[in-house]
Every structure is written in structure tokens, then in C-alpha cells.
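Down below is the structure, laid out as C-alpha cells.
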Amino acid sequence: SSVPYNDLNGEIEKSIKLVQKIVQDNDLYKDFDKKMYKSDFPLLGPYKEKNGGIYLGQYCKGIKNGEGIYILENGDIYQGYFNAGKPEIQGILIEGKTIEGKESWYYGQFKNGMKNGKGIEKWISGDYSGDLFEVIFLK
Numbered sequence: 027s028s029v030p031y032n033d034l035n036g037e038i039e040k041s042i043k044l045v046q047k048i049v050q051d052n053d054l055y056k057d058f059d060k061k062m063y064k065s066d067f068p069l070l071g072p073y074k075e076k077n078g079g080i081y082l083g084q085y086c087k088g089i090k091n092g093e094g095i096y097i098l099e100n101g102d103i104y105q106g107y108f109n110a111g112k113p114e115i116q117g118i119l120i121e122g123k124t125i126e127g128k129e130s131w132y133y134g135q136f137k138n139g140m141k142n143g144k145g146i147e148k149w150i151s152g153d154y155s156g157d158l159f160e161v162i163f164l165k
């Protein structure tokens, strides 16, 4: 169950700006179709979940479905598509805390809540571009 979340600290706006900066700085949309899988569901939230995560996005029958942004309690951020409550199809995942303005992130395909398929992954220590299969993200 989720409850309305009063975003007094601008956490969602900061997260969206960080995602946009990474996408623009790395020209990520050149390799992926940003127009695919649009949903007509309304944008709802933000809501805080029992696990501490914050979600702003589309729902279907009370479950995350369509486009949205999810801020996990540990500070990770996922923005992209959801199906049956899990990251699906395509999105960006920013992992861990920012270190001196640098972030580790993955932009690409997801399946059943996991990185799966074509993607670009950037770690603070280096980059990887190619195929990833069933790397666990959300349980």
C-alpha cells in the first residue's frame, strides 16, 4: 500500500534533472527509441511505499504500469517503463550515491525487473556497452 508523499525537499525534481543530465551528456537517445510503448494511463503521485521507495508515474489497477520514476530507499533511481510493478522494456537506472559529481548508471533494456538485453553501463571506474542478460535489479 502506498501513501501520498509531500516532496518538500524536491527529491523527485532533483532525480528527474539528474536523469535528464545523464541522458543529454551521453546522447543516450541516439541508440534507443524514446517514443516506444507510450501509455495513456494518467500520471499519479508521488506516493511513498511501505519499503520507503517513492514513485511518480502511471498505474493500472493499483500497480506501477507505464512510464514512471522510482526512487529507492537506498538512493538508486529508475526512470522508464514498468509492467506489473517491475522495470520492463527500457529505462535508466542510476545506482549508488553520487561521488564528486560522478554516478554509476545503466541505460537500456529491462525484462521482469532486471537489466536484460542491449544496454550501456557506466561505472565510476569505466564503461561497458553491449548485451547484458539477467543482471538482478529489483526483487
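Residue 27 is where the sequence shown starts when you use our numbering, and the numbers rise one by one after that.
Yeah, the Cβ is synthetic: ideal placement off N, Cα and C, and Gly gets one too.
As the structure is a prediction and not an experimental result, all values here were calculated from the model.
- Query: Just checking my contact of Gly-122 with Leu-98 at CB under 8 angstroms: how many whole Å lie between their CB atoms?
  - Reply: Taking a contact as a CB-CB distance under 8 angstroms, the pair Gly-122 and Leu-98 does not count as one, their CB atoms being some 11 angstroms apart.
- Query: If you check the beta carbons only, do Tyr-85 and Pro-30 fall under 8 angstroms apart?
  - Reply: For the pair Tyr-85 and Pro-30, the CB atoms are not nearer than the 8 angstroms cut-off.
- Item | Strand pairing of Leu-82, partner residues [DSSP] | Beta-bridge pairing links Leu-82 to Ile-95.
- Over the uninterrupted alpha helix (DSSP H) stretch that includes Lys-47, give me the two end residues. Its alpha helix (DSSP H) spans residues 37-51.
- Query: Span of the beta strand (DSSP E) holding Lys-74?
  - Reply: For Lys-74, the enclosing beta strand (DSSP E) begins and ends at 69-75.
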